[in-house]
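Following: one structure in structure tokens, then a few remarks.
2 protein chains.
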Amino acid sequence: MNPEAIQETIAASIKVACSDCNLRELCMPVGFNLEDMQKLDEVVATRRRVGQGEMLFRSGEAFTSIYAIRTGFFKTCVSSEDGREQVTGFQMAGEIIGLDGIVSDHHSCNAIALEDAEVCVMPFSNVEELSREFPLLQRHVHKVMSREIVRENSVMMLLGNMRAEERLAAFLLNLVQRLHARGLSQSELVLRMSREEIGSYLGLKLETVSRAFSKFGEEGIIEVKQRYVKIIEPEALKKIFKSQSYY
Amino acid sequence: MNPEAIQETIAASIKVACSDCNLRELCMPVGFNLEDMQKLDEVVATRRRVGQGEMLFRSGEAFTSIYAIRTGFFKTCVSSEDGREQVTGFQMAGEIIGLDGIVSDHHSCNAIALEDAEVCVMPFSNVEELSREFPLLQRHVHKVMSREIVRENSVMMLLGNMRAEERLAAFLLNLVQRLHARGLSQSELVLRMSREEIGSYLGLKLETVSRAFSKFGEEGIIEVKQRYVKIIEPEALKKIFKSQSYY
DNA sequence: AAAAATCTTTGATAAATATCAAGTGTAGGT
DNA sequence: ACCTACACTTGATATTTATCAAAGATTTTT
Numbered sequence: 002m003n004p005e006a007i008q009e010t011i012a013a014s015i016k017v018a019c020s021d022c023n024l025r026e027l028c029m030p031v032g033f034n035l036e037d038m039q040k041l042d043e044v045v046a047t048r049r050r051v052g053q054g055e056m057l058f059r060s061g062e063a064f065t066s067i068y069a070i071r072t073g074f075f076k077t078c079v080s081s082e083d084g085r086e087q088v089t090g091f092q093m094a095g096e097i098i099g100l101d102g103i104v105s106d107h108h109s110c111n112a113i114a115l116e117d118a119e120v121c122v123m124p125f126s127n128v129e130e131l132s133r134e135f136p137l138l139q140r141h142v143h144k145v146m147s148r149e150i151v152r153e154n155s156v157m158m159l160l161g162n163m164r165a166e167e168r169l170a171a172f173l174l175n176l177v178q179r180l181h182a183r184g185l186s187q188s189e190l191v192l193r194m195s196r197e198e199i200g201s202y203l204g205l206k207l208e209t210v211s212r213a214f215s216k217f218g219e220e221g222i223i224e225v226k227q228r229y230v231k232i233i234e235p236e237a238l239k240k241i242f243k244s245q246s247y248y
Numbered sequence: 002m003n004p005e006a007i008q009e010t011i012a013a014s015i016k017v018a019c020s021d022c023n024l025r026e027l028c029m030p031v032g033f034n035l036e037d038m039q040k041l042d043e044v045v046a047t048r049r050r051v052g053q054g055e056m057l058f059r060s061g062e063a064f065t066s067i068y069a070i071r072t073g074f075f076k077t078c079v080s081s082e083d084g085r086e087q088v089t090g091f092q093m094a095g096e097i098i099g100l101d102g103i104v105s106d107h108h109s110c111n112a113i114a115l116e117d118a119e120v121c122v123m124p125f126s127n128v129e130e131l132s133r134e135f136p137l138l139q140r141h142v143h144k145v146m147s148r149e150i151v152r153e154n155s156v157m158m159l160l161g162n163m164r165a166e167e168r169l170a171a172f173l174l175n176l177v178q179r180l181h182a183r184g185l186s187q188s189e190l191v192l193r194m195s196r197e198e199i200g201s202y203l204g205l206k207l208e209t210v211s212r213a214f215s216k217f218g219e220e221g222i223i224e225v226k227q228r229y230v231k232i233i234e235p236e237a238l239k240k241i242f243k244s245q246s247y248y
């Protein structure tokens with residue numbers, strides 16, 4: 002047994018229980034009674050640790066499970082034949098990844114941990130089986146997928162209609178909003194991704210991202226020190242992201 | 002009873018049967034026996050006609066149903082507070098729209114008919130109920146949503162990484178591929194949308210789209226006459242757009 | 001602790017696309 | 001068939017962002 006396999010066995014042997022999980026409100030539906038909740042625990046087969054820089058799944062790989070992030074931070078990205086890479090999202094605790102694999106039984110993107118992470122492995126057949134039994138879970142799964150569709154719609158708006166500074170403002174506001182929903186600061190954050198990764202997500206080159214950060218800093222809207230960011234004037238950011246008339 | 006209501010009543014009274022529908026392979030799962038298939042017919046409540054330029058649903062509207070396109074052609078678009086509009090997709094016969102509404106019980110985009118159209122109205126509660134009964138339908142619904150997520154991933158790649166001509170090449174190839182899957186020509190098509198709508202989808206201005214069309218025409222790759230397009234050299238188009246799968 | 005590698009910032013210039021403008025073509029309505 | 005929208009094309013110019021380059025900061029390795 003190699004070290005990784007041992008690690009996985011240990012992780013699996015620890016009782017994995019959604020009913021006890023402090024992320025429940027984020028990644029599971031509410032409104033269950035205790036009995037149902039215990040049934041629901043069956044949806045999670047094991048937990049899995051993913052070290053920084055490691056892949057949770059990769060494009061082309063057979064699809065078996067979706068994953069709920071317990072701790073850590075991920076990026077998902079697609080790459081073209083000629084090697085161009087597009088970051089399609091950044092995911093944090095309580096969020097679900099792997100839904101891309103359902104349609105073709107193979108994943109179509111890579112999921113890479115940007116910091117040491119742990120995920121709940123939810124075999125999709127379990128999810129479907131329990132969904133047929135629990136309408137609340139079924140509805141929840143549908144909402145999770147719909148949310149992803151809606152999120153991608155707004156990324157399309159961002160990429161198709163906004164200029165560099167608007168994109169970065171929208172990105173920062175979205176990040177702190179999600180972090181805040183997890184009990185973290187509304188104004189301070191440490192970026193888990195590089196300028197290049199931000200640029201890839203926003204359809205910009207890293208230099209352009211860096212310049213936009215510097216500009217916001219000069220204007221006193223934010224305070225930036227490498228990956229540490231403090232939002233001084235959230236209203237100014239919102240204004241940049243909402244109103245600028247582009248083209 | 003106003004004329005529209007009468008029209009709807011007539012449409013509903015015509016027996017709506019997926020089991021008889023020639024689009025079944027496109028919009029419904031395969032592998033059902035006749036008995037199940039008849040049960041499945043219940044998923045469709047009515048049909049609805051949507052005239053050119055009319056909205057099937059609009060952003061903010063309460064979500065009740067998803068729609069399978071029987072005939073016609075739609076665009077979906079989101080708009081920002083300051084009025085900028087982003088086309089998020091073009092949909093044709095056999096495709097499903099309205100999935101954006103699930104997450105918040107309200108639609109987050111507009112669906113507009115680009116030509117006279119008819120859709121099958123599938124109340125989402127019906128879909129969910131039958132999904133619990135028929136694992137094949139459940140799996141199909143999940144695949145439809147996953148396909149949309151994967152499609153949007155490719156659009157992100159397109160908007161984030163490609164140049165104008167690559168975007169247009171990818172767009173044209175995708176369109177003819179989908180039309181071909183519906184028994185239409187692999188090389189000829191009549192665009193249902195304006196240059197401006199193409200531009201909105203591709204994150205370009207209409208003039209840029211027009212120039213790219215002209216360039217392809219001059220190079221003999223395509224033949225363009227307003228909205229009529231004939232693809233002369235599909236390989237040349239594929240070479241321009243040599244990224245991976247685009248849905 | 002020094003060295004190497006990586007990430008970030010900033011400046012100068014180039015390239016791509018938007019904007020403005022004018023003219024042409026096409027479709028729909030009377 | 002004519003008139004009037006509206007859609008499309010094309011040219012000239014402006015703007016934005018990419019590219020190239022180099023230096024500074026941070027993290028990792030030795």
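One line per chain: the protein sequences are C and Y, in this order. Under the working numbering, the letters of the first sequence match residues 2 to 248, in that order. Under the working numbering, the letters of the second sequence match residues 2 to 248, in that order. Note that the Cβ used here is the ideal one computed from N, Cα and C, for glycine as well.
I'd like the list of long-range same chain contacts for residue i, defined as Cβ closer than 8 Å, with 5 residues on each side in sequence excluded.
i: Tyr248 of chain Y; result: Annotation note: pLDDT 35 at Tyr248 of chain Y (below 50); position unreliable, coordinate value reported separately. Cβ neighbours of Tyr248 of chain Y beyond the five flanking positions: Arg148, Val151, Arg152, Ser155, Asn175.
i: Ser20 of chain C; result: Leu35, Met38, Gln39, Leu41, Asp42
i: Cys110 of chain C; result: Ser60, Thr77, Cys78, Val79, Thr89, Asp101
i: Glu86 of chain Y; result: Cys78, Val79, Ser80, Ser201
Secondary structure at residue i, three-state DSSP: helix, strand or coil?
i: Phe33 of chain C; result: coil
i: Ser80 of chain C; result: strand
i: Leu24 of chain C; result: coil
i: Arg71 of chain C; result: strand
i: Ala182 of chain C; result: coil
i: Phe172 of chain C; result: helix
i: Ala165 of chain Y; result: helix
i: Phe242 of chain C; result: helix
i: Val45 of chain Y; result: coil
i: Lys40 of chain C; result: helix
Tell me which residues share the same chain as residue i and place their Cβ nearer than 7 Å to its Cβ, disregarding the 5 neighbours each side in the sequence.
i: Glu37 of chain Y; result: As written in the sequence, residue 37 of chain Y is Asp, which differs from the Glu given in the question. Around Asp37 of chain Y: Phe135.
i: Gly52 of chain C; result: Ala114, Asp117
i: Ser132 of chain C; result: Leu138, Gln139, Val142
i: Pro124 of chain Y; result: Ala46, Thr65, Ser66
Which residues does DSSP pair with residue i in a beta bridge?
i: Ser66 of chain Y; result: Y:Pro124
i: Ala118 of chain Y; result: Y:Val51
i: Tyr202 of chain C; result: Tyr202 of chain C is not bridged to any residue.
i: His107 of chain C; result: C:Ala63
i: Thr89 of chain C; result: For Thr89 of chain C, which the question treats as bridged, DSSP gives no partner whatsoever.
i: Phe58 of chain C; result: C:Ala112
i: Ile97 of chain Y; result: Y:Ala69
Determine the chain C residues that contact residue i at a beta-carbon separation under 9 Å, and present them in chain order.
i: Gln139 of chain Y; result: Glu129, Ser132, Arg133, Gln139
i: Gly204 of chain Y; result: Met157, Leu160, Gly161, Asn162, Gly204
i: Ser60 of chain Y; result: Ordered by position in chain C, no residue passes the 9 Å Cβ test against Ser60 of chain Y, which lies about 10 Å from the chain.
i: Pro136 of chain Y; result: Glu129, Glu130, Arg133
i: Ser201 of chain Y; result: Gly161, Asn162
In chain Y, what lies closer than 8 Å to residue i by C-beta?
i: Thr209 of chain C; result: Within 8 Å Cβ-Cβ: nothing; Thr209 of chain C doesn't reach chain Y, min ~12 Å.
i: Val79 of chain C; result: Asn154, Ser155, Met157, Met158, Gln245
Cutting at 6 Å between CB atoms, please list the residues of its own chain near residue i, excluding the five before and the five after it.
i: Gly200 of chain Y; result: Lys206, Leu207, Val210
i: Arg168 of chain Y; result: Leu159, Leu203
i: Gly102 of chain Y; result: Phe64, His108
i: Phe91 of chain Y; result: Lys76
i: Ser244 of chain Y; result: Bear in mind that the predicted position of Ser244 of chain Y carries a pLDDT of just 48, short of 50, making it too unreliable to give a figure here.
i: Phe58 of chain Y; result: His108, Ala112
i: Met29 of chain Y; result: Cys19
i: Ala170 of chain Y; result: Leu238, Ile241, Phe242
i: Asn127 of chain C; result: Val44
Counting only Cβ pairs nearer than 7 Å, list the residues of chain Y close to residue i.
i: Arg148 of chain C; result: Val104
i: Val151 of chain C; result: Asp101, Val104, Ser109
Under 7 Å Cβ-Cβ, which residues of chain C neighbour residue i?
i: Gln87 of chain Y; result: Met157, Met158, Gly161, Asn162
i: Cys28 of chain Y; result: None at all; the shortest Cβ gap to chain C is about 14 Å.
i: Lys144 of chain Y; result: Ile103, Val104
i: Val44 of chain Y; result: In chain order: nothing, as chain C lies at least about 15 Å away.
In chain C, what lies closer than 8 Å to residue i by C-beta?
i: Glu119 of chain Y; result: Under the 8 Å cutoff, chain C gives no residues; its nearest Cβ is about 24 Å from Glu119 of chain Y.
(message) Ignoring anything shorter than 4 residues, give me the alpha helix (DSSP H) runs that lie fully in the stretch 186-238 of chain C, in order along the chain.
(response) Taking 4 residues as the minimum length, the alpha helix (DSSP H) runs contained wholly in the stretch 186-238 of chain C are 196-203, 207-219, in order along the chain.
(request) Return the chain-ordered ranges of every alpha helix (DSSP H) run that is complete within the stretch 127-163 of chain Y and spans a minimum of 4 residues. (result) Assignment of alpha helix (DSSP H) within the stretch 127-163 of chain Y, counting only whole runs of 4 or more residues, yields 136-162 in chain order.
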